[in-house]
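Heads up: the sequence shown is residues -23 to -1, 1 to 501, going by mature numbering (1 follows the signal peptide of the UniProt record, and there is no 0).
Read through the structure below, which is laid out as structure tokens, and then see the notes.
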Amino acid sequence: MQLSARLLHVLAILLVALPSSSAGRAANDAAVGVARGDDDRPPPPCSPADRAALLGFKAGVAADTTGILATWAGGDCCGAWEGVTCDAATGRVVALQLEAPPPKERHYMEGALSPSLGGLEFLEALVIRDMGRIGGAIPAALSRLTRLRELYLEGNMLAGAIPVSLGKLGSLQYLSLAGNRLDGQLPPELGAISGLEQINVARNRLSGAVPPSYKSLSRLAYLDLSNNLFSGAVPGFIGQFKNLALLDLSNSSFSGEIPASLCTLRSLTDLSLSHNKLGGQIPPQMCSLRSLNSLAMDGNMLGGSIPASLLGLQKLWYMNLSRNGVTGPLPTGISNALPSLVSMDLSHNHLTGDVDQFFRSLSAATHDANHSNKPSPIVLPQKLEHLDLSGNRITGALPEFTRGAGLKWLDISSNAIGGQIPSSISKLSSLERLDISRNRVRGVIPASMAEMVRLEWLDLSSNALVGRIPDNFTRLASVRHASFRRNRLCGRIPQAKPFNLFRAAAYAHNLCLCGKPLPPCRKI
């Protein structure tokens, strides 16, 4: 059986604590020998009751392309039956772990969960994961597994409601029913299992509100309710789960404001409230989430400005506030306030401000020693890989860049940015996606951009660019999408792959572009 991280941690502590003296080691070895059945006596055979329960499960599986159940032959289920673990001293089945090997689309079990599994009375772990075609209801008989600590029924086709009888599993610590077709509401009875440390019911069809009885689950460290149909307010009592490290309520219909009590979760590393119906403002108390690595609130109805206090989360590497109604200026002082930042998405809001000043707030450089009156070039943080400011009200012009070797994605489209494309943009040598479309950028396309050989997506459409597309763009062999439409460009399109293979629409509505895929240029 694959042990949980918590069990491995406990085993490591126990190993360190083993006796160090010879006598102590001898005593320990003797004890371990008894536990494993290493004495002269052979280990006991599989319990007939457990064997019958397992064969009942096998009988409910109509097809098995994993080959696992083909090993379930012979009288001793504690021998070579794959996925079955027995206690060496008693011969009772303590774990059943069945996981489809890759590729998952070719390996599956088709059938239903047999109620006979409820007969495995000494079972501590039940894992049936990614079998794809195990359907039907979750048997209420599983509530008889009073020793069960881990229940993972992920990645199947289980349907119907979560049995309320699961609330009788008083020893349960880890529960995951993710990736099924379960519907109905969360059973309030689960709130009685005070030792629960994980609940994962993501990717189902569950609805309703989070039951108030869950307030008693004070040991929760992992709560994932994402990709369901839940509604109502985000429960304020979640702020009492002091061990909580992950909270994912994304892709449902939660409404109301974000409770300030969430900001007291000092152990929280991942918070996702994306794609709900949350309103109000971003709580300024979020600066208290000192352990936070990932923050996602995109796709809601949040308003107000971005709290300055949010820019004090030193461990934050992912921030997504896109597709809200956030207003006010772009945040500043980011380089020092968010030193771990890898990805920032502020797109599709109502943010205003100067793009040059924003990039300077990201820059590690503060001045130019040789030209004190000249604006210093931008040195982007090495860790920053993804920056999306599209769909806002940002003005100003792009600055000169000195270095930005880590940046792979830059999208500033659909703003009011003017000025010219600086030739030093080529210093962003790791860029794979560059989108400056639907702005007011003028001037020529710098030939230096041909040095950006990692580009796969280039969109300069709907601006006021003039001149021609540089001939040396033929060096950009990795580009899979490009658009120059709706500018004032003229001259021959670079006649080499991929630029002569794009659709004509990529070059439409310019002054006088010619050459494939457009009509040939006129001979002078």
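We put the beta carbon where it would ideally sit given N, CA and C, even for glycine.
Which residues bound the alpha helix (DSSP H) around Arg83?
No alpha helix (DSSP H) holds Arg83; DSSP gives it neither H nor E.
Is it true that the region 258 to 265 meets the region 210 to 224, where meeting means three or more beta-carbon pairs spaced less than 8 Å apart?
no
Kindly say whether Ala482, judged by its beta-carbon, lies nearer than 8 Å to any beta-carbon of chain C.
Given the protein chain composition of this structure (a single chain), no chain C is represented.
Count the other CB atoms, across all protein chains shown, that sit within 10 Å of the CB of Leu497; report buried if there are 16 or more and exposed otherwise.
This sequence places Pro at residue 497; Leu is not what is there. That one is exposed.
Compare the beta carbon distance of Leu384 and Leu408 with 8 Å and say whether it is the shorter of the two.
yes
Who are the Cβ neighbours of Asp365 in its own chain at under 6 Å, not counting the five residues just before and after it?
Asp322, Ser324 and Asp388
With distances taken Cα to Cα, identify the nearest neighbour of Ala29 among Glu87, Ala77, Leu75 and Gly95.
Gly95
Using the beta-carbon count (16 or more within 10 Å), is Pro25 buried or exposed?
exposed
Identify whether Ser227 lies in helix, strand or coil by the three-state DSSP scheme.
coil
Could you tell me how far apart the beta carbons of Ala481 and Pro494 are, in whole angstroms, since I believe they sit closer than 8 Å?
5 Å
Cys63 versus Ile111 - alpha carbon distance
24 Å
Report the option in Pro188, Thr304, Leu173 and Asp201 whose CA atom is closest to the CA atom of Ser195.
Leu173
Closer than 8 Å by C-beta to Lys192: which residues in its own chain qualify, once you throw out the five before and the five after it? Chain order, please.
Gly168, Pro212, Phe214 and Gln217
Can you give me the Cβ contacts of Ala382 inside the same chain, cut-off strictly under 7 Å, excluding the 5 residues immediately before and after it?
Gln359, Ser406 and Ser407
Nearest by alpha-carbon distance to residue 507: which of Leu224, Thr304, Gln150 and Glu76 is it?
Residue 507 is absent from the model: the chain starts at -23 and stops at 501.
As assigned by DSSP and simplified to three states, the class of Gln262:
helix
What's the call for Gln334, buried or exposed, on a 16-neighbour Cβ count within 10 Å?
exposed
Write down the C-beta distance between Asp160 and Gly137 rounded to the nearest angstrom, noting that I regard them as a contact closer than 8 Å.
7 Å
Whole beta strand (DSSP E) elements within the region 278 to 351, 3-residue minimum
295 to 297, 304 to 306, 320 to 322 and 327 to 331
What are the boundary residues of the beta strand (DSSP E) that Gly109 is part of?
Gly109 to Gly113
Along the chain, where does the beta strand (DSSP E) that runs through Ala210 open and close?
Leu206 to Ala210
Are the beta-carbon atoms of Leu361 and Leu293 separated by less than 8 Å?
no
Sub-8 Å separation of Leu125 and Asn157 beta-carbons
no
Look up Thr67 in the DSSP assignment and say whether it is helix, strand or coil.
coil
In three-state terms, what does DSSP make of Asp160?
strand
From what residue to what residue does the alpha helix (DSSP H) around Phe34 run?
Pro25 to Ala36
Starting from the C-beta of Leu368, find all residues in its chain whose C-beta is less than 6 Å away, skip the five residues before and the five after it, and write them out in chain order.
Rather than Leu, the amino acid found at residue 368 in this sequence is Gly. Correct list, in chain order: Ser324, His325 and Ser391.
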